Structure formats: structure tokens, C-alpha cells
Amino acid sequence: MKTDQHKQEDVQDYQAILESIEEAVQPCFGKGRVANYIPALGQVSPNKFGMTVRTARGECFSVGDANEPFSIQSISKLFVLQLVMSQLGDVVWERVGKEPSGDRFNSLMKLELEHGVPRNPFINAGALATLDLLMSLSGDTRERILNYMRYLGLNKTISSNATVVNSELEHAHINRAMIHLMKTYGCIDSDPEELIATYCYQCALEMSCMDLATAGLPLAMDGYSPLHGDTVLSGKQNKRINAVMLTCGMYDSVGSFAYRVGLPAKSGVGGGILAVVPGELSVAVWSPELDKSGNSYVGTAALEMFTSMTHASIF
Ligand code: DON
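As C-alpha cells, then:
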């Protein structure tokens, strides 16, 4: 229970808070590195910074490059998981676990030891297994994902960047190795090339901080979106997704992220992080330089400042 002094929503001036964070993060630039293992991502300016807060009341506060679309990469795994859970229910938990891996997001090590069953849906292997399930449904999976993101983000211009897709496809040898390993264990049904191409498509979706905060708001609202006037996820599904975000969303930095920020969150190597304050708000931040775990260096610092200033950590 938060004390009155710590009470959030009605006493916070989020615009002023975001503006002071934008200023305070300036010394953090130059300490991380822009992802270049997908060459097209290396073209992005390292100095970008945007941040958006969406409150339960539907208010929106932004600073910096918050309207500029960027490559959401692994943040897409969160929404594909939502889509699979809403279309197919709990069957996904027969294909992936719910435990943090403690390894890098694209590690192959535990996958062989654990017979092709990924630790969780957010590491690459788990996201591939989750997407494989979605591909078992009839219809065009790419279109299904795109329509879902446009609906959740309330933005019909959201699209996937073909240059980024092709750039990743040319270098996706580790992800292909995961697919083949899982297929050998009978854990993947789709054609491997179709699966990797669809995965690269979802990762290359481009959204702004505004779009992401909008798409993430239901996760803070027990699955209900006040912006859509609609329920996106059941309360039970929402609780589970937030739990897996909290324990697995930031890969092998999940412990230090909980220590520093204290919110369920999902990152991507494009430099985005989407976090939620249950019952209160969603917050999206973007800055392309990454730490050693592949999470935005400046974005993590910004979220740490945010929860320190607003007392919004769940802990
Ligand atoms: O599969 C990959 O390596 C990328 N398309 C996504 C990885 C990613 O975003 C990890 N997140 N921090």
C-alpha cells in the first residue's frame, strides 16, 4: 500500500517529470552501443531519445523523439504472445516455460540441454516457438500481427520495414540454428524458412513511443483498454503476461532491472523498452545505445529515474 505522500496519478506532473528525465539522462549517452549484428539497425542515430507516458485516464505525455517510429524488435514478442494467448489460450505454456534463462537472449545452450523447450516466450527460441503456434492458425500470420499492432497502437500507419527484415534474414544464422534444433526435437511445426521470415517481419515492425505506450496500456489495466473501450486480454491472461515480463522481459539483466526500475517490462535491440505500472500507466522509452544484455542503456536509466521520481516501482 502506497502512502498518500507516495500516491501517484493525481499528484504527478508527468510532463515536468519527463522533461527533467530528458535532461538528466544526457550524461548517459555514449556509454552503450547501437546494435549492429543486424546491419540495418546500426544505421540509426545513437543520440535519439523519446519517452511517452499513457495514464489509465487516457492522458498522454511525451518528450523528445517520442513520435518517431523505430524498430521494435523483441518488444514484438510481447504482443505476439498476447495474440497467441487470446487466440489459442494456455496451450502456449505447453510449448515454452515461464522461467528466466539467465543467458543471453539468443543463447542456444539450454535449448539442447532442455530438449528443444525454450525457457520462456521472450528469449529468441521461445518467441520462435510462440510464433510457430500462431502460424498453425489459418490465414496470413503477418497480416494478423500487423492488424493487431495497428489496432492496439491506434495507428493505421504502423508497418514492418522490409530493409530491416532482409538485413536480419541475411544474418539470422543463430536463430535458424534454434529453429532446426527445436524442429529436431519435434517442437516446431512450421517450415523453418517461413518461420524465420515471419519472425524477422514481426521484429522489424516500426512503432513510436506513443504507439507503444498506447498498445501497452491494457497491460496496466487488467487487460482493458480505456482508449479502445474494449477488453484486449482477460484479467488472468494479463496477470500471467505481466509476471513473465517481470521475470523474463529483460533477459539476463532482469534482476538488475527489477532492482533499478521495479516494473514489468519488455525491451528490444532497437533500443525500445515498454514498461507498465499496474493500475496506473504504461511508459515507453526509446534510445538506441544498448547495454551488454541488449537493453537500452539510456532507456533503463530513464526508467530508473522515472520510478524513483514517481515512486511507481511495484516494490
Ligand atoms: O532475433 C533477434 O536477435 C532480434 N530480431 C531481436 C532481439 C532482441 O530485440 C533482443 N532484445 N533486447
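Heads up: the sequence shown begins at 1 in my numbering, then just goes up one per residue. Just so you know, even glycine gets a beta-carbon here, dropped at the ideal spot from N, CA and C. This structure is a prediction, so every number in the text was calculated from the model and none was measured.
**Asked** Relative to the C-alpha of residue 291, which residue among 202, 267, 313 is closest?
**Response** Nearest in C-alpha terms to residue 291, of all of 202, 267, 313, is 267.
**Item:** Closer than 6 angstroms to the ligand DON: residues, by C-beta to nearest heavy atom, in chain order
**Value:** This criterion selects 73, 74, 105, 106, 124, 168, 175, 203, 267, 268, 269, 294, 295.
**Close beta carbons around residue 286, own chain, < 6 angstroms, minus the five adjacent residues each side** = Result list for residue 286: 50, 70, 209, 271, 272, in chain order.
**Request:** Whole angstroms is fine: what's the gap from residue 76's alpha carbon to residue 57's?
**Result:** C-alpha separation (whole angstroms): 25 angstroms.
**Message:** So within the stretch 4-62, which uninterrupted beta strand (DSSP E) runs reach at least 3 residues, ignoring any that extend past its ends?
**Reply:** Complete beta strand (DSSP E) runs here, min 3: 50-55.
**Prompt:** Under the DSSP definition of a beta bridge, which residues are partnered with residue 116?
**Reply:** By DSSP's assignment, residue 116 forms no beta bridge with any residue.
**Message:** What ranges does the alpha helix (DSSP H) occupy inside the stretch 236-294, keeping only unbroken runs of at least 4 residues that lie completely in it?
**Reply:** With a minimum length of 4 residues, the continuous alpha helix (DSSP H) runs that stay inside the stretch 236-294 are 254-260.
**Simplified DSSP assignment, three categories, for residue 308** = Here residue 308 sits in helix by DSSP.
**Asked** If we ignore side chains and look at the alpha-carbon of each, how far apart do residue 257 and residue 300 end up?
**Response** Our two residues, residue 257 and residue 300, have alpha carbons roughly 8 angstroms apart in a direct line.
**Prompt:** Where residue 8 and residue 67 are concerned, what is the direct C-alpha to C-alpha distance, given to the nearest angstrom?
**Reply:** Confidence at residue 8 is low in this model, with a pLDDT of 49, below 50, so the placement of that residue is unreliable and no value is reported for it.
**Message:** Cutting at 6 angstroms between CB atoms, please list the residues of its own chain near residue 74, excluding the five before and the five after it.
**Reply:** Result list for residue 74: 268, in chain order.
**Item:** Closest residue to residue 206 among 307, 150, 158 (Cα-Cα distance)
**Value:** Of the listed residues, the one whose Cα sits closest to residue 206 is 158.
**Request:** Might you give, ordered along the chain, the residues of its own chain that have their beta carbon closer than 7 angstroms to the beta carbon of residue 28, omitting 5 neighbours on each side?
**Result:** Counting only Cβ-Cβ distances below 7 angstroms, and skipping sequence neighbours, we find 297, 298, 301.
**Request:** Pick helix, strand or coil for residue 185, following the three-state DSSP scheme.
**Result:** Residue 185: coil per DSSP, three-state reduction.
**Prompt:** In terms of residues, what are the limits of the beta strand (DSSP E) holding residue 206?
**Reply:** Where residue 206 is concerned, the enclosing beta strand (DSSP E) stretches over 205-207.
**Message:** Please tell me whether residue 63 and residue 134 are closer than 8 angstroms, where the distance is taken between their beta carbons.
**Reply:** Cβ atoms of residue 63 and residue 134: not closer than 8 angstroms.
**Message:** Please state the DSSP three-state secondary structure of residue 230.
**Reply:** Residue 230: strand per DSSP, three-state reduction.
**Best match in 260, 192, 151 for proximity to residue 211 [C-alpha to C-alpha]** = Comparing Cα positions, the closest option is 151.
**Check whether residue 277 and residue 220 have beta carbons under 8 angstroms apart** = Remark: C-beta atoms of residue 277 and residue 220 approach each other more closely than 8 angstroms.
**Message:** Here's the rule: buried if 16 or more other CB atoms are within 10 angstroms of the residue's CB, otherwise exposed. What is residue 138?
**Reply:** That one is exposed.
**Asked** Between residue 153 and residue 181, what straight-line distance do the alpha-carbon atoms span, to the nearest angstrom?
**Response** Looking at the two C-alpha atoms, the distance is approximately 34 angstroms.
**Request:** Identify whether residue 225 lies in helix, strand or coil by the three-state DSSP scheme.
**Result:** For residue 225, the secondary structure class from DSSP, reduced to helix, strand or coil, is strand.
**Separation of residue 78 from residue 243, as counted between CA atoms** = Residue 243 and residue 78: Cα-Cα distance of roughly 12 angstroms.
**Asked** Going by Cα to Cα distance, which pick from 98, 169, 47 is closest to residue 34?
**Response** The residue with the shortest Cα to Cα distance from residue 34 is 47.
**Item:** Outcome for residue 223 when other beta-carbon atoms lying within 10 angstroms are tallied against a minimum of 16
**Value:** Around the C-beta of residue 223, 16 or more other C-beta atoms lie within 10 Å, and the residue is accordingly described as buried.
**Prompt:** At a cut of 8 angstroms, does the stretch 118-125 reach the stretch 99-106 through at least three beta carbon pairs?
**Reply:** Result yes; three or more Cβ-Cβ pairs closer than 8 angstroms.
**Request:** Thinking residue 172 and residue 145 are a contact (beta carbons under 8 angstroms), I'd like their distance in whole angstroms, please.
**Result:** Their Cβ separation, rounded to whole angstroms, is 18 angstroms, which puts residue 172 and residue 145 out of contact at 8 angstroms.
**Request:** Look at the Cβ atom of residue 289, then the Cβ atom of residue 260, and state whether they are nearer than 8 angstroms.
**Result:** At a Cβ-Cβ threshold of 8 angstroms, residue 289 and residue 260 do not count as neighbours.
**Message:** Given this structure, state the Cα-to-Cα distance separating residue 59 from residue 36, to the nearest angstrom.
**Reply:** Using only the alpha carbons, I get a separation of about 35 angstroms.
**Message:** What does the alpha-carbon distance come out to for the pair residue 3 and residue 262?
**Reply:** Reliability of the predicted coordinates at residue 3 is poor, the pLDDT of 48 falling under 50, and the value obtained from them is presented with this limitation in mind. Those two C-alpha atoms are separated by around 18 angstroms.
**Request:** Since I believe residue 192 is in contact with residue 179 (beta carbons under 8 angstroms), could you give me their beta-carbon distance rounded to a whole number of angstroms?
**Result:** Yes, they are in contact, since the Cβ atoms of residue 179 and residue 192 sit about 5 angstroms apart, within 8 angstroms.
**Between the CA atoms of residue 281 and residue 21 - distance to the nearest angstrom** = One alpha carbon belongs to residue 21, the other to residue 281, and they sit about 17 angstroms apart.
**Asked** Under a three-way DSSP split, which group does residue 70 fall into?
**Response** Three-state result, residue 70: strand.
**Asked** How about residue 129 and residue 187: do their beta carbons lie closer than 8 angstroms?
**Response** For the pair residue 129 and residue 187, the CB atoms are nearer than the 8 angstroms cut-off.
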